[in-house]
Amino acid sequence: MDSACVAFLGVLVTLVCWFCAQRAWRFSLFKRLGIPGPSPSFIYGNLEELLGKAKKADLLQILLNAESEDSAQINFEPVKEGKPGDRKVHLTCRTRTLANATLFIIAAFVQRACDEDYEYKGMRFPKDTVIGVPVLRMHYDPKFWSEPEKFDPDRFSSENKHKITPMAYLPFGAGPRNCIASRYSELIMRVTLATLVSRHKLTPSEGEPKTTGNFRASFILLVPDKGIWLRTEKLSTA
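Numbering (the working numbering), first residue to last: 4 to 241.
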């Protein structure tokens, strides 16, 4: 084996080790923050733990509700079957922009590659050019939205949805390459919100600003620079 091959293998091993160390550091975030529970695996995140817990929880629920097969079923229908334009659904999830209850989204842009040469307003884009679509900028553009900083579910109501400019609202992208988990994300947000607001009252923490302030990039997502702190008060079950 010549020296060039040895050097190449050495560099390759170094890069692999560096990549593994970086991923391990990223997946140890929960433990560093003192959050209880298992840390995500390097290969498949929390998938194994999630599936295992789900199976155990389902079996326990069936055992505790053995007298009624129907009572052992987890019912997602009240929060799953909302129709587009349903104001109540938009109040919880259909805005899909729950980070600060405005038109904010966690992914600021999407990318698309030109499949052929294209010209737009005198600018030529050769085939295979990668174009970044500034979705967050469109969501805050007064040309498309009145008072974009304001949380206004009525803008998505059945009476007003016709006013939305096509392709100006892209929380999950659009076309055949839109977010593959969009429906799953919506269902999870609906179930989470329905569970939270049915059991707790959420209010801004003392001293918490009325706006979320600046955002920073975390991997490819945007997160509030200083977090968003809320006070929770358990509702009486009486």
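Cβ atoms here follow ideal geometry from the backbone N, Cα and C, with glycine treated the same way. Just so we're clear, the structure is a prediction, and the values are computed from it rather than from any experiment.
Ile183 and Asp5 have their C-alpha atoms spaced approximately 47 Å apart. Rounded to the nearest whole angstrom, the CA to CA distance from Trp232 to Leu205 is 10 Å. Following the DSSP letters along the chain, one finds Thr235 inside the beta strand (DSSP E) bounded by residues Leu233 to Lys237.
Note on the stretch 155-214: whole alpha helix (DSSP H) runs with a minimum of 4 residues are 185-202, in chain order. According to the DSSP assignment, Ala116 belongs to the beta strand (DSSP E) that extends over Val113 to Ala116. Here the alpha carbons of Ser185 and Glu150 stand approximately 26 Å from one another. Secondary structure of Gly135 (DSSP, three-state): strand.
Shown here for Asp120: same chain residues with a beta carbon closer than 6 Å to its own, the five before and five after excluded, namely Pro129 and Lys130 in chain order. Here Phe128 carries a strand assignment [DSSP, helix/strand/coil].
Nearest to Pro137 by alpha-carbon distance, out of Ala110, Ala27 and Ser161, is Ala110. Taking a contact as a CB-CB distance under 8 Å, the pair Lys237 and Arg202 counts as one, their CB atoms being some 7 Å apart. Under DSSP, the beta-bridge partners assigned to Glu122 are Arg127. Judged by their CB atoms, Thr168 and Phe147 are nearer to each other than the 7 Å cut-off. Only buried fits Glu189, as 16 or more other CB atoms lie within 10 angstroms of its CB. For the pair Pro207 and Arg29, the Cα-to-Cα distance works out to about 29 Å. Distance from the CA atom of Ala197 to the CA atom of Tyr187, rounded to whole angstroms, is 15 Å.
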